[in-house]
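Numbering (our numbering), first residue to last: 2 to 304.
Quick reminder that beta carbons are idealized off the backbone N, C-alpha and C, glycines included.
This report refers to the structure that appears directly beneath it.
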Amino acid sequence: MIYKDLFIKTSFVALALLMPFYSSAQVVVEEESKSNVQNYGFYIGGQYKPGISIMGDLALKGDLVDIKAIIGLKPEATGTVDADGKTAIGKALETATNFKGIYKPTYNNSLTGFSGLIGYSMNSGMRIEFEGSYEDFELKNPGGYTLKDGYKYFVAAYNLKSGSPDEIDSSGKKYFIIKNSNIVVASTMINACYDFAPDSLGNVGEISPYLCAGIGGSFMKAFDSQYVKFAYQAKAGVSYFISPSVAIFVDGYYEGILNNKFKDLHYNYYYSTSSTSPLSNIISATLDFNYFGGEIGVKFILN
Numbered sequence: 002m003i004y005k006d007l008f009i010k011t012s013f014v015a016l017a018l019l020m021p022f023y024s025s026a027q028v029v030v031e032e033e034s035k036s037n038v039q040n041y042g043f044y045i046g047g048q049y050k051p052g053i054s055i056m057g058d059l060a061l062k063g064d065l066v067d068i069k070a071i072i073g074l075k076p077e078a079t080g081t082v083d084a085d086g087k088t089a090i091g092k093a094l095e096t097a098t099n100f101k102g103i104y105k106p107t108y109n110n111s112l113t114g115f116s117g118l119i120g121y122s123m124n125s126g127m128r129i130e131f132e133g134s135y136e137d138f139e140l141k142n143p144g145g146y147t148l149k150d151g152y153k154y155f156v157a158a159y160n161l162k163s164g165s166p167d168e169i170d171s172s173g174k175k176y177f178i179i180k181n182s183n184i185v186v187a188s189t190m191i192n193a194c195y196d197f198a199p200d201s202l203g204n205v206g207e208i209s210p211y212l213c214a215g216i217g218g219s220f221m222k223a224f225d226s227q228y229v230k231f232a233y234q235a236k237a238g239v240s241y242f243i244s245p246s247v248a249i250f251v252d253g254y255y256e257g258i259l260n261n262k263f264k265d266l267h268y269n270y271y272y273s274t275s276s277t278s279p280l281s282n283i284i285s286a287t288l289d290f291n292y293f294g295g296e297i298g299v300k301f302i303l304n
């Protein structure tokens with residue numbers, strides 16, 4: 002949750018610095034002369050931003066060994082705590098026959114996503130804004146697992162049981178064990194937007210459609226590791242002014258992650274009876290991951 006805490010703290014600091022320049026935002030619907038409305042200037046805002054993931058298939062590659070299959074822990078797998086202090090899940094991971102079936106992770110939608118923005122609008126209809134957002138796509142628990150968090154574990158196997166594409170050869174125990182996690186995305190974007198009805202901005206009761214395109218970076222947590230990726234997004238929506246200085250907006254968005262490779266995965270355990278164990282092996286994952294959704298929020302014009 003480090004990205005979430007960092008984003009929240011940064012947002013509060015930014016708002017604290019800006020609020021002295023903005024005495025108050027009166028949300029009052031009243032008639033005003035359009036000629037007296039200043040429809041451009043600095044603004045701040047925040048929005049609820051749920052996300053729906055679009056994912057490809059997971060693939061793994063080792064730099065020293067050829068990964069033959071990605072196999073999940075069996076739901077019925079069990080383990081017993083013994084004198085060496087290992088947990089039940091730790092003991093279960095030591096037994097090659099506890100793994101069977103191709104591992105295909107799925108993730109829940111991000112229902113707690115949010116973002117904040119600071120921008121400047123021009124009387125030509127153009128807007129430039131900085132946006133920070135947070136999404137948390139929870140690893141889906143298919144249920145039925147005897148061991149707590151058993152659904153999070155899978156193996157990168159490089160020696161399979163003869164005649165079986167989804168079972169490990171237990172005689173050699175040649176596999177790496179990896180723990181999966183939620184996919185958490187904290188993004189910072191620079192958006193260029195265009196309001197198609199700039200003369201209506203600031204006029205109470207009028208609607209202005211807009212488009213935005215943005216580029217930036219995403220700090221991601223995936224497979225229990227952290228990564229930095231380039232990202233982009235596009236938006237289409239409408240703004241509706243409920244007072245000359247306060248607008249609500251609704252839009253749809255799409256965010257793409259440019260690099261689908263996740264290098265140097267942490268493997269929690271490694272077992273092999275081979276005397277030439279590739280303990281320095283580096284495992285990389287390939288997973289296409291993008292998401293889309295809707296936003297609803299409010300912004301305050303600072304003039």
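**Request:** Along the alpha helix (DSSP H) that carries Ile-328, what are the first and last residues, could you check?
**Result:** Residue 328 cannot be examined here, being either before or after the span of the chain that is shown, 2 to 304.
**Request:** Taking Lys-92 as part of the alpha helix (DSSP H), name the residues at either end of that continuous run.
**Result:** Along the sequence shown, read from residue 1 onward, the residue named residue 92 stands at position 91. Where Lys-92 is concerned, the enclosing alpha helix (DSSP H) stretches over 89-94.
**Prompt:** What's the call for Ile-119, buried or exposed, on a 16-neighbour Cβ count within 10 Å?
**Reply:** Taking the first residue of the sequence shown as position 1, residue 119 is located at position 118. The residue is buried, with at least 16 neighbouring Cβ atoms inside 10 Å.
**Asked** Between Ala-223 and the rest of its own chain, which residues show a CB-CB distance below 6 Å, the 5 nearest in sequence each way excluded?
**Response** What you label residue 223 is simply residue 222 of the sequence shown in a count that begins at 1. Once the five neighbours on either side are set aside, the close Cβ partners of Ala-223 are Ile-184, Phe-263.
**Message:** Between Glu-256 and Tyr-228, how many whole angstroms is the CB-CB distance? I'm expecting something under 8 Å.
**Reply:** Translated into positions along the sequence shown, residue 256 becomes position 255. Translated into positions along the sequence shown, residue 228 becomes position 227. Wrong, their Cβ atoms sit about 15 Å apart, outside the cutoff.
**Request:** Pull up the distance between the alpha-carbon of Ala-237 and that of Ala-93, whole angstroms please.
**Result:** On the sequence shown, position 236 is the one that residue 237 refers to. On the sequence shown, position 92 is the one that residue 93 refers to. Taking the straight line from one Cα to the other gives about 49 Å.
**Asked** Given 8 Å as the limit, is there contact between the region 149-157 and the region 88-105, that is, 3 or more CB pairs closer than that?
**Response** Flag = yes, the region 149-157 and the region 88-105 touch.
**Request:** Check Asn-204 in the structure and name its three-state DSSP category.
**Result:** Along the sequence shown, one-based indexing puts residue 204 at 203. Reduced to three states, the DSSP call for Asn-204 is coil.
**Request:** Return the first residue and the last residue of the beta strand (DSSP E) that Gly-52 is part of.
**Result:** Counting from 1 along the sequence shown, the entry for residue 52 is found at position 51. Where Gly-52 is concerned, there is no enclosing beta strand (DSSP E), given that its DSSP letter is neither H nor E.
**Closest residue to Thr-113 among Asn-304, Asp-167, Glu-139, Lys-105 (Cα-Cα distance)** = Taking the sequence shown and counting its residues from 1, the one referred to as residue 113 is at position 112. Of the candidates Asn-304, Asp-167, Glu-139, Lys-105, the one whose C-alpha sits nearest the C-alpha of Thr-113 is Glu-139.
**Prompt:** Going by Cα to Cα distance, which pick from Cys-213, Ala-214, Pro-199 is closest to Glu-207?
**Reply:** For the purposes of this step, residue 207 is taken as residue 206 along the sequence shown, with counting starting at 1. That would be Pro-199, whose Cα lies nearest to the Cα of Glu-207.
**Spatial distance of Phe-197 from Ser-116 (CA atoms)** = Translated into positions along the sequence shown, residue 197 becomes position 196. Translated into positions along the sequence shown, residue 116 becomes position 115. Whole-angstrom Cα-Cα distance: 23 Å.
**Message:** Could you tell me which whole beta strand (DSSP E) segments of length 3 or greater appear in the region 117-152?
**Reply:** Within the region 117-152, the runs of beta strand (DSSP E) at least 3 residues long that lie entirely inside it are, in chain order, 127-138.
**Asked** Going by the CB atoms, is the gap between Leu-65 and Ile-284 shorter than 7 Å?
**Response** For the purposes of this step, residue 284 is identified with residue 283 of the sequence shown, where counting begins at 1. For the purposes of this step, residue 65 is identified with residue 64 of the sequence shown, where counting begins at 1. No, the pair does not count as a contact, with Cβ atoms beyond the cut-off.
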